[in-house]
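Chemist: Taking the working numbering, I'd label the letters of the sequence shown as residues 1491 to 1894.
Heads up, the beta-carbon is just placed ideally off N, CA and C, and yes, glycines get one too.
Encoded as structure tokens, here's the structure I'll be asking about.
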Amino acid sequence: MGRFTNPRDLFFGEGARHEVANLKGNKAMIVTGGGSMRRGGFLKDVETDLKSAGFEVSVFEGVESDPSVETVMRGAEAMSAFQPDWIVAIGGGSPIDAAKAMWLFYEYPHETFEEAIVPFSFPELRQKARFCAIASTSGTATEVTAFSVITDYKLGIKYPLADFNITPDVAIVDPELTYTMPQKLCAHTGMDALTHAVEAYVSTAGSMYTDGNALHAIREIVEWLPRSYEGDHIARQHMHDAQCIAGIAFSSGLLGIVHSMAHKTGAAFSGDHIIHGCANAMYLGKVIQFNARDTRARNRYAFIAKEILHLDGTSEDELVSALVQKIRDLNDALSIPQGIKNYGRGGVRADASVIDPDEFKAKLRDVAATAIGDACTGSNPRQPTQEEMEKLLMCAYNDEAVTF
């Protein structure tokens, strides 16, 4: 049996953020990040609209990129003190992901993080509060998904929390929040969205209900991301909607080992964090080459290449190669490195990586093992062995084609 779960309501288009004025309740806690929503006036808009609807409002600010377990627990404590009946998260993937996890520990204070990371094992939420998510970046689509990524910095591991309970009740996709998004963030989140769509389409958990969203998202992202990167507002509108439908696809259709590898390499090394969307962009072509040895996956990659992107090729193998090259061309156009060996601080291309090759090799076995155990691995079309995952990670470091 399959399942397809979405928010009850999704509001989209310029000005959609003002729909929070139609929420019904008494207390709302707004969760947000590092200040861009306040500087842009969007936090004030939401706070004003909630107060006009009769809410008492509290704001939890300062959620960092790659939110930590500690931040989640601090937020849950703030919620316990304030007792909101609506949680409104506004910003990029980090504050929305953090707010989802806070929601769990607010409603169930005795739940442990070790219990929370078991996929699809949450207790029933909405005992105290409902959830509204307002996205400011065009990539994670966490405003419509059953996922939240939280980092345990003590272990150097990103954990995807997965449960349909944390699918928001209300999603708001307002492109005005993206118009001032920096180029680099646009590039990384856009490639994250493309990875969501491609992985959902070949996932073993995909279905007719997710395939249509995935394929349309792929077409839109490949067409509009380069122009969105240049700051074009029409392109940013297309990208904001496209990343959301990619999220609808993967929330029910699930993901694969591109994300498993990105989660487990993200915070594992001392040189710098590997930014999630940049990691996906570097790893996607390599994983396509690995997965294409599976007949169904190869057929689906070829379909993307021929029927959706209209790439050249007379055989499935040629079409898969054309798809991999298209991803490489996008990375080049967006100034994203092709391999970790050229990963500079903050995800820029560099002559030498900030991730030390000796440290990478020293941690390779453990990182590969945790990637295999990641929640996203089970729905990948080809299940890697420990040896294969280690080889995949080395190909990702050295930007080498995958031939096994």
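Return the CA-CA distance between residue 1703 and residue 1736, expressed in angstroms with no decimal places.
Modeler: Rounded to the nearest angstrom, the two C-alpha atoms are 6 Å apart.
Chemist: Considering Cα atoms alone, identify which of 1580, 1813, 1889, 1872 is closest to residue 1839.
Modeler: Ranking the options by Cα distance to residue 1839, first place goes to 1889.
Chemist: Closer than 8 Å is the cut-off here; do at least three beta carbon pairs connect the region 1620-1627 with the region 1579-1588?
Modeler: The region 1620-1627 vs the region 1579-1588: in contact.
Chemist: If you draw a straight line from the C-alpha of residue 1784 to the C-alpha of residue 1818, how long is it?
Modeler: Cα-Cα distance, rounded: 22 Å.
Chemist: Assign residue 1641 to one of three DSSP states: helix, strand, or coil.
Modeler: If DSSP states are grouped into helix, strand and coil, residue 1641 belongs with the strands.
Chemist: With 16 other CB atoms within 10 Å as the buried threshold, where does residue 1730 fall?
Modeler: Answer is buried; the Cβ neighbour count reaches 16.
Chemist: Can you find the residues in the same chain that come closer than 6 Å, C-beta to C-beta, to residue 1824, ignoring five residues on each side of it along the sequence?
Modeler: For residue 1824, where only same-chain residues beyond five positions count, the Cβ hits under 6 Å are 1677, 1719.
Chemist: How would you write the range of the alpha helix (DSSP H) that residue 1615 sits in, first residue to last?
Modeler: Segment: none, residue 1615 is in no alpha helix (DSSP H) and carries neither H nor E.
Chemist: Can you round the beta-carbon distance between residue 1700 and residue 1743 to whole angstroms, since I take them to be within the 8 Å contact cut?
Modeler: About 3 Å separates the two Cβ atoms, so the contact holds.
Chemist: Report the start-end ranges of each alpha helix (DSSP H) in the region 1558-1584 that is 4 residues or longer and not cut off at the edges.
Modeler: Correct list: 1559-1572.
Chemist: Taking 7 Å as the limit between beta carbons, can you name the residues of its chain near residue 1636, skipping five residues before and five after?
Modeler: The residues are 1495, 1652, 1653, 1654, 1656, 1657, 1741.
Chemist: Does DSSP classify residue 1603 as helix, strand or coil?
Modeler: Of the three classes helix, strand and coil, the one that applies to residue 1603 here is helix, per DSSP.
Chemist: Counting C-beta neighbours from all protein chains within 10 Å, is the total for residue 1613 16 or more, i.e. buried, or is it exposed?
Modeler: Exposed, by the Cβ-count rule.
Chemist: Applying the criterion that 16 or more other CB atoms from any shown protein chain within 10 Å of the CB defines a buried residue, is residue 1760 buried or exposed?
Modeler: It counts as exposed.
Chemist: What separation, rounded to the nearest whole angstrom, lies between the Cα atoms of residue 1733 and residue 1807?
Modeler: Roughly 28 Å separates the two Cα atoms.
Chemist: Please report the distance separating the alpha-carbon of residue 1506 from that of residue 1697.
Modeler: Spanning the two alpha carbons is a distance of roughly 30 Å.
Chemist: For the pair the region 1595-1602 and the region 1629-1648, tell me if three or more CB-CB distances fall below 8 Å.
Modeler: The region 1595-1602 vs the region 1629-1648: no contact.
Chemist: Within 10 Å of its beta-carbon, does residue 1769 have 16 or more other beta-carbons around it, so buried, or fewer, so exposed?
Modeler: The residue in question, residue 1769, is buried, as its Cβ has 16 or more Cβ neighbours within 10 Å.
Chemist: If you draw a straight line from the C-alpha of residue 1882 to the C-alpha of residue 1855, how long is it?
Modeler: Roughly 12 Å between the two C-alpha positions.
Chemist: In whole angstroms, give me the CA-to-CA distance for residue 1646 and residue 1887.
Modeler: Roughly 18 Å between the two C-alpha positions.
Chemist: Can you tell me which of the three DSSP states residue 1827 falls into?
Modeler: Note: residue 1827 maps to coil in three-state DSSP.
Chemist: Give a yes or no on whether 7 Å exceeds the smallest Cβ distance from residue 1577 to chain C.
Modeler: Chain labels in this structure do not include chain C; a single protein chain is all it has.
Chemist: Could you have a look at residue 1748 and say whether DSSP puts it in helix, strand or coil?
Modeler: If DSSP states are grouped into helix, strand and coil, residue 1748 belongs with the helices.
Chemist: Please confirm whether residue 1499 and residue 1663 have their CB atoms less than 7 Å apart.
Modeler: The answer is no: Cβ separation not under 7 Å.
Chemist: Could you tell me the distance, in whole angstroms, from the CA atom of residue 1593 to the CA atom of residue 1619?
Modeler: If you take the alpha carbons of residue 1593 and residue 1619, they lie about 8 Å apart.
Chemist: I'd like the list of long-range same chain contacts for residue 1798, defined as Cβ closer than 7 Å, with 5 residues on each side in sequence excluded.
Modeler: Around residue 1798: 1705, 1708, 1709.
Chemist: Which residue comes first and which comes last in the alpha helix (DSSP H) that contains residue 1866?
Modeler: That residue, residue 1866, is in no alpha helix (DSSP H); it is neither H nor E in DSSP.
Chemist: If you draw a straight line from the C-alpha of residue 1866 to the C-alpha of residue 1527, how long is it?
Modeler: One C-alpha to the other measures close to 31 Å.
Chemist: Below 8 Å, can you find three or more Cβ-Cβ pairs linking the region 1668-1688 to the region 1539-1554?
Modeler: With the cut-off at 8 Å, the region 1668-1688 and the region 1539-1554 do not touch.
Chemist: Is it buried or exposed for residue 1666, if we count other Cβ within 10 angstroms and need 16 for buried?
Modeler: It is buried - the Cβ of residue 1666 has at least 16 other Cβ atoms within 10 Å.
Chemist: Is the beta carbon of residue 1814 closer than 7 Å to that of residue 1775?
Modeler: Yes; because the gap between Cβ atoms is below 7 Å, this pair is in contact.
Chemist: Taking all protein chains shown into account, do 16 or more other C-beta atoms lie within 10 angstroms of the C-beta of residue 1589, making it buried, or fewer, making it exposed?
Modeler: By the 10 Å Cβ count, residue 1589 comes out buried.
Chemist: Sort out for me which residues DSSP pairs residue 1502 with in a bridge.
Modeler: Note: residue 1502 sits in a beta bridge opposite 1663.
Chemist: If you reduce the DSSP assignment to three classes, tell me which class residue 1738 lands in.
Modeler: Three-state DSSP puts residue 1738 in a helix.
Chemist: Mind listing, in chain order, the continuous alpha helix (DSSP H) runs of no fewer than 4 residues lying wholly within the region 1777-1801?
Modeler: Complete alpha helix (DSSP H) runs here, min 4: 1785-1793.
Chemist: Following the continuous beta strand (DSSP E) through residue 1716, name the residue where it begins and the one where it ends.
Modeler: Where residue 1716 is concerned, there is no enclosing beta strand (DSSP E), although the alpha helix (DSSP H) it sits in stretches over 1698-1719.
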